[in-house]
Amino acid sequence: MKSPKEMRTVHVMISEGEHQMQDFKFEISDARKIARTLSAFANTQGGRLLIGVKDNGKIAGVRSEEEAYMIEAAAQLYCSPAIQYSMEAQLVEGKQVLIVYIEESKQKPIYAKDENGKLLAYIRIKDENILATPVHLRVWQQESKTDGQLIAFTDREQLLISLMDSDIPLSINRYCRKAGISRRAAEHLLAKFIRYDIVETVFEDHRFYFKLK
């Protein structure tokens, strides 16, 4: 039996609601869907998953040991590379809640396999799991390189700066049109600017934009 102090800890977690580093799941019926959440946490700042808690914060409890096996399947079989996690069970209001802790991965990206076996990477934004863009993938690819890299400010780099010299975030499609460059080249350059903390991503209306920091 958990102490009253430990019980209050779960209630404090729930009182925070779902956010960047916390998600509620009433139950787990599909390990692939949970793999998306694990991927998003691992690719962002880490987080915790409370299983047996409804979206409104009401404690429902887990109904079988199958939930723990589904988490293991999601982390080991449906995430690539497999991720490490820790899990604890707490008895709250006479019901068992599983708390799964996922740390931010040092080996990004962490992919989740979809129903067709396709590998897709996710990131966590507020309380949503969002599909990572090719720019995110390029940032992680560049960060994995051990050698240093400098940005040469050619006309192409200067043009990017000038196009972003406003309060209006720039979409990658608009950047490609204005700069007259391929999408591949745009993704590569934006990733470098993000890595060097010159540009940041903005997520609005379920689309990604870019602006100067």
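Counted the way my numbering counts, the sequence shown spans residues -18 to 194. Think of the CB as a built atom: it goes at the ideal place given N, C-alpha and C, for glycine as much as any other residue.
Practice item. Give the single residue among N97, M2, S125 and S67 whose Cα lies nearest to the Cα of D108. Key: Within the sequence shown, the letter at position 127 stands for residue 108. Residue M2 is the option with its Cα nearest to D108.
Review point. So which of K89, S(-4), Y59 and E96 has the shortest CA-CA distance to V120?
Key: Numbered from its first residue, the sequence shown carries residue 120 at position 139. Nearest option by C-alpha distance: K89.
Check your understanding: Using DSSP with H/G/I as helix, E/B as strand and the rest coil, what is A210?
Key -> Within the shown structure, residues of the chain are numbered from -18 to 194, placing residue 210 beyond reach of any answer.
Exercise for review: Give every residue of the same chain whose Cβ lies closer than 8 Å to the Cβ of A23, excluding the five residues on either side of it in the sequence, and list them in chain order.
Suggested key: Within the sequence shown, numbered from 1, the residue matching residue 23 stands at position 42. C60, I64, I83, E84, E85, S86, K89 and I91, listed in sequence order.
Review point. By a C-beta neighbour count over all protein chains shown, 10 Å radius and 16 as the cutoff for buried, is V116 buried or exposed?
Key: Your numbering for residue 116 matches position 135 in the sequence shown. Under the 10 Å beta carbon count, V116 is surrounded by 16 or more other beta carbons and is classified as buried.
Check your understanding: Taking the alpha helix (DSSP H) that N110 falls in, what are its first and last residues?
Key -> Against the sequence shown, residue 110 aligns to sequence position 129. Counting along the chain, N110 falls outside any alpha helix (DSSP H), though it belongs to the beta strand (DSSP E) covering E109 to L112.
Exercise for review: Give the single residue among F189, E53 and I162 whose Cα lies nearest to the Cα of R137.
Suggested key: For this step, residue 137 is matched to residue 156 along the sequence shown. For R137, the nearest C-alpha among the options comes from I162.
Practice item. Can you tell me the Cβ-Cβ gap for K94 and A21, rounded? I've got them flagged as a contact below 8 Å. Key: Residue 94 sits at position 113 when you count from the first residue of the sequence shown. Residue 21 sits at position 40 when you count from the first residue of the sequence shown. Not quite, the Cβ-Cβ distance comes to about 14 Å (not below 8 Å), so this is no contact.
Review point. From Y156 to R188, what distance separates their C-alpha atoms?
Key: Residue numbering aside, residue 156 sits at position 175 when the sequence shown is read from its first letter. Residue numbering aside, residue 188 sits at position 207 when the sequence shown is read from its first letter. Near 15 Å, if we compare the C-alpha coordinates of R188 and Y156.
Check your understanding: What's the gap between the Cα of S147 and the Cα of E74?
Key -> Along the sequence shown, one-based indexing puts residue 147 at 166. Along the sequence shown, one-based indexing puts residue 74 at 93. Those two C-alpha atoms are separated by around 53 Å.
Check your understanding: Leaving out the 5 sequence neighbours to the left and right, which residues in its chain are closer than 8 Å to E(-3) when beta-carbon positions are compared?
Key -> The sequence position of residue -3 within the sequence shown is 16, counting from 1. Within the same chain, E(-3) has close Cβ partners Q3.
Exercise for review: Since I believe V81 is in contact with L30 (beta carbons under 8 Å), could you give me their beta-carbon distance rounded to a whole number of angstroms?
Suggested key: By 1-based counting over the sequence shown, the position of residue 30 is 49. By 1-based counting over the sequence shown, the position of residue 81 is 100. Confirmed, about 4 Å.
**Study point:** Test: W121 CB closer than 7 Å to a CB of chain D
**Key:** Among the protein chains of the structure shown there is no chain D, as only one such chain exists.
Check your understanding: Name the DSSP beta bridge partners of E(-3), please?
Key -> Taking the sequence shown and counting its residues from 1, one reaches residue -3 at position 16. Residue pairing from DSSP leaves E(-3) without any beta-bridge partner.
Point to revise | Same chain, Cβ closer than 8 Å to E185, neighbours up to 5 away in sequence not counted | key: To locate residue 185, count along the sequence shown from 1; it is residue 204. The answer, listed in chain order, is P150.
Review point. Since V78 contacts I40 with CB under 8 Å, what's their CB separation in whole angstroms?
Key: Residue numbering aside, residue 78 sits at position 97 when the sequence shown is read from its first letter. Residue numbering aside, residue 40 sits at position 59 when the sequence shown is read from its first letter. Distance from V78 to I40 at the Cβ level is roughly 6 Å; contact confirmed, criterion being Cβ atoms closer than 8 Å.
Check your understanding: Can you name, in chain order, every residue of its own chain whose Cβ lies under 6 Å from the Cβ of I142, other than the five neighbours on each side?
Key -> Sequence index remark: in the sequence shown, residue 142 carries index 161 (1-based). Excluding five sequence positions before and after I142, none of the CB atoms of its chain fall closer than 6 Å to its own CB.
Practice item. Return helix, strand or coil for K194, following the three-state DSSP convention. Key: Start at 1 with the first residue of the sequence shown, and residue 194 comes out as number 213. Three-state result, K194: coil.
**Study point:** Alpha-carbon to alpha-carbon, K194 and I9
**Key:** Locating residue 9 in the sequence shown gives position 28, where the first residue counts as 1. Locating residue 194 in the sequence shown gives position 213, where the first residue counts as 1. Each residue's Cα considered, the two are about 39 Å apart.
**Study point:** Proximity to Y190 [Cα-Cα], best of D178, L171, Y177 and R176
**Key:** Residue numbering aside, residue 190 sits at position 209 when the sequence shown is read from its first letter. Put simply, of D178, L171, Y177 and R176 the residue whose alpha carbon is nearest the alpha carbon of Y190 is L171.
Point to revise | Residue range of the alpha helix (DSSP H) that includes E85 | key: Along the sequence shown, one-based indexing puts residue 85 at 104. Taken as a continuous stretch (DSSP letters only), E85 belongs to no alpha helix (DSSP H), as it is neither H nor E.
Review point. Can you tell me the Cα-Cα spacing of R13 and I179, whole angstroms?
Key: What you label residue 13 is simply residue 32 of the sequence shown in a count that begins at 1. What you label residue 179 is simply residue 198 of the sequence shown in a count that begins at 1. Computed Cα separation, rounded: 36 Å.
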